[in-house]
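*Asks:* This is the structure I want to talk about, given as structure tokens.
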Amino acid sequence: MALSSTTFNALVILFMMLFMGCFGTYQYFSHVQQWGPAVLKKHYRPQISFLEDRLTIHGLWPTNETNPQPRRCTTSSRGRFFHSGNQISMNLTNTLHNSWPNYLGSDELFWSSQWISHGTCSYPMFNQPRYFWLAHNIWARFNLFGLLVQAGIVPVDAEQTPSTIYRREDVLFAINVYHNVLLEVEIDCIEGTIELLEIKVCLDHSGTDYINCPGIGSCGWSFKWLKYSAKKKKQPICECSTRTEPKISNISQVHDRFGDYGNNKYGVFLM
């Protein structure tokens with residue numbers, strides 16, 4: 003019995019939905035690395051002078067062209083819930099504390115939020131351990147901070163004048179030299195500024211091969227990469243007498259110098 007065109011089209015749509023459900027509702031990954039001092043500045047946090055010079059993971063975001071950042075993609079409780087117990091091993095946890103810290107609070111809450119909002123869109127192709135290991139391995143393999151420093155693109159003190167301006171093409175050239183690949187990345191700045199906040203690197207559906215990101219990011223063609231030094235506190239001005247008092251070693255000396263015990267300039271009371 004031949005299928006009608008309507009039935010055939012319905013089956014095709016159903017098959018596509020099942021296929022996407024099996025392999026994740028996304029086309030490629032955006033791997034986002036953030037600059038800690040800028041994150042803290044963006045959120046008005048003061049402790050920006052105590053961070054190490056390095057880029058760390060913000061997230062690994064399954065992405066597609068029609069819906070750039072799908073969120074909370076699975077209704078499965080197993081896929082939606084963040085397992086901090088047997089699924090996330092101690093080895094993985096310790097690894098993520100290094101590569102994926104939260105500058106604004108608990109690391110675990112940050113990972114949970116990223117998994118629920120973004121990671122679920124790669125499920126079930128990537129379960130939680132595979133998703134987090136993939137994010138870490140991309141961070142370690144790409145070595146974004148290291149390749150930038152090697153090319154002379156380094157964070158500079160915000161107090162430095164004139165401030166150093168880096169070009170987008172300098173970043174692309176540094177990536178090309180280090181990885182021998184021509185790659186477009188997205189460079190984002192704090193809103194309303196050209197101060198570097200994060201850099202996105204794009205990878206294919208499997209997270210294996212690098213691909214060009216579709217945009218250039220909010221920084222445009224140039225940016226500043228700033229770090230913040232701890233400001234020295236001004237020493238209080240003391241209008242004190244430079245005269246030194248002789249050492250008092252016994253009660254008779256107190257009598258000789260101050261008279262009555264309870265009425266001397268040091269308020270000395272001997273019981």
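Each residue of the sequence shown is one higher than the last, beginning at 3 in my numbering. Think of the CB as a built atom: it goes at the ideal place given N, C-alpha and C, for glycine as much as any other residue.
How would you label CYS24, buried or exposed, when you count the other beta carbons within 10 angstroms and need 16 or more for buried?
*Replies:* Confidence in CYS24 is poor, its pLDDT being 41 and thus under 50, which makes the residue's placement too unreliable to answer from.
*Asks:* Taking just the CA atoms, how far does ASN178 sit from ASN93?
*Replies:* Approximately 32 angstroms, taken between the alpha carbons.
*Asks:* Work out the CA separation of LEU228 and VAL158 for me, nearest whole Å.
*Replies:* One C-alpha to the other measures close to 5 angstroms.
*Asks:* Indicate the three-state DSSP secondary structure (helix, strand or coil) for CYS123 in the structure shown.
*Replies:* Looking at CYS123 - three-state DSSP - the assignment turns out to be helix.
*Asks:* Comparing alpha-carbon positions, which option in ASN100, TYR180 and PRO164 lies nearest ARG56?
*Replies:* Closest by alpha carbon: ASN100.
*Asks:* Which residue marks the beginning of the beta strand (DSSP E) containing TYR30, and which one marks its end?
*Replies:* 30 to 37 is the extent of the beta strand (DSSP E) around TYR30.
*Asks:* Inspect the beta-carbon positions of LYS202 and CYS215 and report whether they are closer than 8 angstroms.
*Replies:* Closer than 8 angstroms, so yes.
*Asks:* Who are LYS158's beta bridge partners in DSSP?
*Replies:* For clarity, residue 158 is Val in the given sequence; the question names Lys instead. Per DSSP, LEU228.
*Asks:* Between the C-alpha atoms of ASN266 and TYR46, what's the straight-line distance to the nearest angstrom?
*Replies:* Its pLDDT being 42, under 50, ASN266 is placed unreliably by the model, and the measurement read from it follows with that caveat. Approximately 51 angstroms between the Cα atoms of the pair.
*Asks:* Using 10 angstroms around the beta-carbon of GLY219, count the other beta-carbons present and answer buried if the total reaches 16, otherwise exposed.
*Replies:* GLY219 is buried by the Cβ-count criterion.
*Asks:* Here's a check: name, in chain order, each residue in its chain whose Cβ is nearer than 7 angstroms to the Cβ of TRP223, leaving out the five neighbours to either side.
*Replies:* The answer, listed in chain order, is ARG169 and ARG170.
*Asks:* Is the stretch 152 to 167 close to the stretch 58 to 78, with three or more CB pairs under 8 angstroms?
*Replies:* Not touching, per the Cβ criterion.
*Asks:* Return the CA-CA distance between THR163 and GLU197, expressed in angstroms with no decimal places.
*Replies:* Whole-angstrom Cα-Cα distance: 15 angstroms.
*Asks:* Would GLY61 and HIS138 be called neighbours here (beta carbons separated by less than 8 angstroms)?
*Replies:* No, Cβ-Cβ distance for GLY61 and HIS138 is not below 8 angstroms.
*Asks:* Any idea what DSSP makes of ILE196, helix, strand or coil?
*Replies:* The answer is coil: DSSP assigns ILE196 none of H, G, I, E or B.
*Asks:* Nearest by alpha-carbon distance to VAL187: which of SER165, THR210, HIS207 and CYS221 is it?
*Replies:* Taking only the C-alpha atoms, the option nearest VAL187 is CYS221.
*Asks:* Between TYR30 and ASN129, what straight-line distance do the alpha-carbon atoms span, to the nearest angstrom?
*Replies:* TYR30 and ASN129: Cα-Cα distance of roughly 16 angstroms.
*Asks:* Around the Cβ of GLY209, are there at least 16 other Cβ atoms within 10 angstroms (buried) or fewer (exposed)?
*Replies:* When all chains shown are included, GLY209 counts as buried.
*Asks:* Taking buried to mean at least 16 other C-beta atoms within 10 Å of its own C-beta, is GLU200 buried or exposed?
*Replies:* It counts as buried.
*Asks:* Can you tell me whether THR56 is helix, strand or coil according to DSSP?
*Replies:* The identity of residue 56 in the sequence shown is Arg, whereas the question assumes Thr. Residue state, collapsed to three classes: coil.
*Asks:* Taking the alpha carbon of ALA142 as the point to measure from, which residue in THR122, ASP109 and HIS33 has its own alpha carbon closest?
*Replies:* When only C-alpha atoms are compared, the closest one is HIS33.
*Asks:* Tell me, which residues are paired with ILE213 by DSSP?
*Replies:* Beta-bridge pairing links ILE213 to CYS204.
*Asks:* Answer yes or no: do TRP102 and THR58 have a C-beta to C-beta separation smaller than 8 angstroms?
*Replies:* Going by C-beta atoms, TRP102 is nearer than 8 angstroms to THR58.
*Asks:* Pull up the DSSP beta-bridge partners for ASP190, would you.
*Replies:* ASP190 pairs with GLU200.
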